[in-house]
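Novice: In the UniProt record's numbering, the protein residues as written are 1 to 170. Each residue gets a CB set at the ideal place from its N, CA and C atoms; glycine is no exception. Quantities reported herein were computed from a predicted structural model and do not represent experimental measurements.
1) Which partner residues does residue 54 have in the DSSP bridge list?
2) Report the residue ranges of all alpha helix (DSSP H) runs contained in full by the region 13 to 68; include only those spanning at least 4 residues, in chain order.
3) Touch check for the region 77 to 87 and the region 36 to 54: three-plus C-beta pairs under 8 Å?
4) Roughly how many angstroms lie between the CA atoms of residue 134 and residue 82, to the nearest whole one?
5) What are the start and end residues of the alpha helix (DSSP H) that includes residue 151?
6) Please classify residue 7: does DSSP put it in a helix, a strand, or coil?
7) Find out if the Cβ-Cβ distance for the pair residue 161, residue 73 is shorter than 9 Å.
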């Protein structure tokens with residue numbers, strides 16, 4: 001990605017890199033392997049994940065069997081549990097930010113959560129009320145500008161679970 005002259009944009013990129021460094025040991029998360037910097041670019045070396053977005057698989061497959069949906073959701077919940085234990089809120093969970101390890105449409109999905117650009121770290125007992133995320137997946141408390149924490153990610157997971165079982169949004 002190009003280095004930005006916009007201080008806020010550059011700060012956001014550096015925050016995402018910091019969060020990705022912090023969650024390197026978490027399961028089912030796209031790992032940041034290395035960062036290279038030139039005079040005008042920052043390059044991130046990430047896990048190789050060739051299966052595309054979960055969104056694309058949902059469109060191609062239609063609904064998932066209960067067994068396949070449960071397998072994918074278990075991996076997402078494992079990742080979220082580990083991310084949340086580090087007091088990180090993803091804030092933009094959606095099928096487009098969940099990557100599939102394999103290209104096959106018939107194998108059970110092995111997935112990795114990606115895109116931590118909206119993520120933040122909260123101190124114990126701290127909340128945020130910033131409106132962040134993708135409209136169909138945002139928890140009600142976020143829409144209402146109320147204080148929220150990691151629990152808002154669980155709403156997004158519920159929407160994803162619904163979509164896996166029925167290829168439409170609730």
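Specialist: With the given structure in hand:
1) Paired residue(s): none; residue 54 is not in a bridge.
2) Here the runs fully enclosed are 54 to 61.
3) The region 77 to 87, when compared against the region 36 to 54, does not touch it at the 8 Å Cβ threshold.
4) Roughly 22 Å separates the two Cα atoms.
5) First-last of the alpha helix (DSSP H) with residue 151: 151 to 165.
6) DSSP places residue 7 in helix when its eight states are reduced to three.
7) Contact flag set, yes.
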